[in-house]
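Everything below concerns the one structure shown next.
Numbering (this note's numbering), first residue to last: 313 to 590.
Encoded structure:
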């Protein structure tokens, strides 16, 4: 990662010194060392290029893996080299106030090319069918409690999971496929252009909230485009009575998403406003 950051720094620095034709550079902060390369650009060149770090989870405060203590101070230095740091949701602001002055932090949602799914794509399924698409994490998005609950149900259902097969996810799904049999359908991950029309045929979709409230899975926007009711929960917020209502077609407990704010055209407009502010 360090070597990658150094190579990226050299390439961008060389380009700027020769051409000086970038008015703004947006650093997509995954991996974090993209930010590192741009921070060194700002620190060690005299270019007037506006730098924006588009961030999701902070590096040091991400609970999904252990970090050396000094990364907290390194991350603070890196982020302060940028003119702005953009975050996707307001709830994430507190994660960055320890690092940055409030005026540098801007909330800009993730941008998507919205798909128009016709209402006719859905027909009520003979057996309640619901699904999930994505990856699980043992520490912050562990669905074991939900699979254990499904084992207690006597009625028929079909739970479809499009899974990114990392070691934890693959092991967990194999364990419960053996226990649930045909009630659990495991599929390989597919492009969202294929996934969203498929989700539109389910009765509802499942969103496992991260156990920390400062993160919001981007899959919620894909879920909303499918026009199917969204049931969101984690181990602490799961309510069996709400899930039972969904199984009966009562979706009063669904999560509502305003898709208009995620339209890529709207998101681009918000970034452009930052360019003109500097």
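From the three backbone atoms N, C-alpha and C, an ideal C-beta is built for every residue, glycine too.
Coarse secondary structure for residue i, derived from DSSP in three states
i: residue 478; result: coil
i: residue 498; result: strand
i: residue 388; result: helix
i: residue 578; result: helix
i: residue 505; result: helix
i: residue 592; result: Residue 592 lies beyond the residue range present for the chain, which begins at 313 and ends at 590; the question has no answer from this structure.
i: residue 378; result: coil
i: residue 354; result: helix
i: residue 569; result: coil
i: residue 313; result: coil
i: residue 531; result: helix
Nearest-angstrom beta carbon gap, residue j and residue i [assumed within contact, 8 Å]
i: residue 445; j: residue 539; result: Residue 445 to residue 539, Cβ: 15 Å. No contact.
i: residue 263; j: residue 395; result: What is shown of the chain runs 313 to 590, which leaves residue 263 out entirely.
i: residue 351; j: residue 397; result: About 11 Å separates the two Cβ atoms, so there is no contact after all.
Bridge partners - residue i, DSSP secondary structure assignment
i: residue 551; result: Residue 551 is not bridged to any residue.
i: residue 362; result: 336
i: residue 429; result: In the DSSP output, where bridge partners are listed per residue, residue 429 has none listed.
i: residue 449; result: 453
i: residue 328; result: Paired residue(s): none; residue 328 is not in a bridge.
i: residue 470; result: 441
i: residue 411; result: For residue 411, which the question treats as bridged, DSSP gives no partner whatsoever.
i: residue 398; result: 366 and 418
i: residue 257; result: A question about residue 257 goes unanswered here, because the residues of the chain that appear run from 313 up to 590.
i: residue 260; result: Residue coverage of the chain in this structure runs from 313 to 590, which leaves residue 260 outside it and unanswerable.
When the options are compared against residue i, the one with the closest alpha-carbon
i: residue 384; options: 407, 366 and 397; result: 407
i: residue 329; options: 559, 357, 555 and 554; result: 357
i: residue 500; options: 492, 485 and 494; result: 485
i: residue 386; options: 362, 401, 402 and 412; result: 412
i: residue 479; options: 447, 506, 555 and 508; result: 447
i: residue 360; options: 372, 343, 334 and 377; result: 334
i: residue 388; options: 343, 410 and 490; result: 410
Proximity of residue i and residue j at Cβ, strictly below 8 Å
i: residue 440; j: residue 520; result: no
i: residue 449; j: residue 516; result: no
i: residue 493; j: residue 471; result: no
i: residue 513; j: residue 403; result: no
i: residue 382; j: residue 349; result: no
i: residue 567; j: residue 542; result: yes
i: residue 336; j: residue 362; result: yes
i: residue 339; j: residue 461; result: no
i: residue 587; j: residue 458; result: no
i: residue 317; j: residue 345; result: yes
CB contact check: residue i to chain E, cutoff 8 Å
i: residue 432; result: Any reference to chain E falls outside this structure, which holds one protein chain only.
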